[in-house]
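The opening position of the sequence shown corresponds to residue 11 in the working numbering, with each subsequent residue numbered one higher.
Here the structure is laid out as C-alpha cells; the discussion comes afterwards.
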Amino acid sequence: MARYQMSTRCAWPAATAFAYMADVRNFAHWDPGVVSVVRVPDSDDDKPPGFEASYDVVVKAGGTSTMRYQVTDFKAPTSFVMVASTRWVRSVDEVTVTAHPDGGCTVRYDAELTLHGRLSLFDPVLGMAFRRIGDRAAAGLRKALTGTPP
Numbered sequence: 011m012a013r014y015q016m017s018t019r020c021a022w023p024a025a026t027a028f029a030y031m032a033d034v035r036n037f038a039h040w041d042p043g044v045v046s047v048v049r050v051p052d053s054d055d056d057k058p059p060g061f062e063a064s065y066d067v068v069v070k071a072g073g074t075s076t077m078r079y080q081v082t083d084f085k086a087p088t089s090f091v092m093v094a095s096t097r098w099v100r101s102v103d104e105v106t107v108t109a110h111p112d113g114g115c116t117v118r119y120d121a122e123l124t125l126h127g128r129l130s131l132f133d134p135v136l137g138m139a140f141r142r143i144g145d146r147a148a149a150g151l152r153k154a155l156t157g158t159p160p
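If you want it as C-alpha cells, here you go:
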C-alpha cells in the first residue's frame with residue numbers, strides 16, 4: 011500500500027473550498043498527473059457533486075489510463091471519499107475541509123493506493139513513485155487554493 015497525505019491552509023471560506031474539491035472535474039486544473047476528468051454519464055454534468063457521483067479520470071502513468079472513481083461517502087460541507095478499482099490497483103481518496111474561525115479553512119487530501127495480488131510485492135516502489143506524484147499534485151493544489159475562488 012502506498013499513501014500520500016497533505017494539508018494546506020486556504021483563505022477561502024470552507025464551503026467554497028469544499029465545493030471546489032467536491033467537483034472532481036477540477037482535479038484536472040491542479041493535478042499535473044490528471045489529463046482530464048469527465049462526469050459519468052455525461053448527462054449528469056449539471057447535477058451537483060455528491061454521493062454515488064462517478065467520474066472517469068484519465069491519469070498519466072507511463073502512458074495514460076482511465077480510472078472510474080465513485081463517491082462512496084459525502085458529508086457536505088466537510089468531507090467526501092471516492093474510490094476507483096482496476097484489475098491492478100485500488101485507489102481511495104479522502105478530502106476533508108475544516109473551517110477556521112477567521113473564515114479560512116484547511117483542506118486535507120489523503121490518498122491510498124493498494125496493488126492487487128502478487129503486484130503488492132511492488133508496494134515499496136509504488137510508494138516512492140507515489141510520493142513524487144503526490145508532491146506535484148500537492149503543489150498544484152496549494153497554488154489553486156491561493157487563487158481567486160471560482
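Idealized CB from N, CA, C, for every residue including glycine.
This structure is a prediction, so every number in the text was calculated from the model and none was measured.
Below 8 Å on the Cβ atoms is my contact criterion, and I expect residue i with residue j to pass it. Report the Cβ-Cβ distance as a whole number of Å.
{"i": "V99", "j": "L125", "result": "6 Å"}
{"i": "F28", "j": "A86", "result": "6 Å"}
{"i": "S90", "j": "V105", "result": "Here the sequence assigns Phe to residue 90, which means Ser is not the residue at that position. Yes, they are in contact, since the Cβ atoms of F90 and V105 sit about 6 Å apart, within 8 Å."}
{"i": "S64", "j": "R78", "result": "6 Å"}
I need the DSSP call for residue i, collapsed to helix, strand or coil.
{"i": "F90", "result": "strand"}
{"i": "T26", "result": "helix"}
{"i": "M11", "result": "coil"}
{"i": "A10", "result": "Outside the shown range of the chain, which is 11 to 160, sits residue 10, and nothing can be said about it."}
{"i": "F84", "result": "strand"}
{"i": "G60", "result": "coil"}
{"i": "G73", "result": "strand"}
{"i": "A21", "result": "coil"}
{"i": "D8", "result": "There is no way to answer for residue 8, as the model of the chain reaches only from 11 to 160."}
{"i": "T96", "result": "coil"}
{"i": "D103", "result": "strand"}
{"i": "T156", "result": "helix"}
{"i": "D133", "result": "helix"}
In terms of DSSP beta bridges, what is residue i paired with?
{"i": "V45", "result": "DSSP, once it has assigned bridges, lists no residue as partnering V45."}
{"i": "R128", "result": "Answer is none; R128 lacks a bridge partner."}
{"i": "D33", "result": "Answer is none; D33 lacks a bridge partner."}
Would you say residue i faces chain C, with C-beta separation under 8 Å as the test?
{"i": "S95", "result": "Judged by its chain identifiers, the structure shown contains no chain C, having just a single protein chain."}
* Are there three or more Cβ pairs, one per stretch, closer than 8 Å when the region 144-152 is compared with the region 33-45? -> They touch, by the three-pair rule.
* Asked: Per the contact definition of three or more C-beta pairs closer than 8 Å, is the region 11-25 in contact with the region 108-120?
  -> Yes: the two stretches touch, three or more of their Cβ pairs being nearer than 8 Å.
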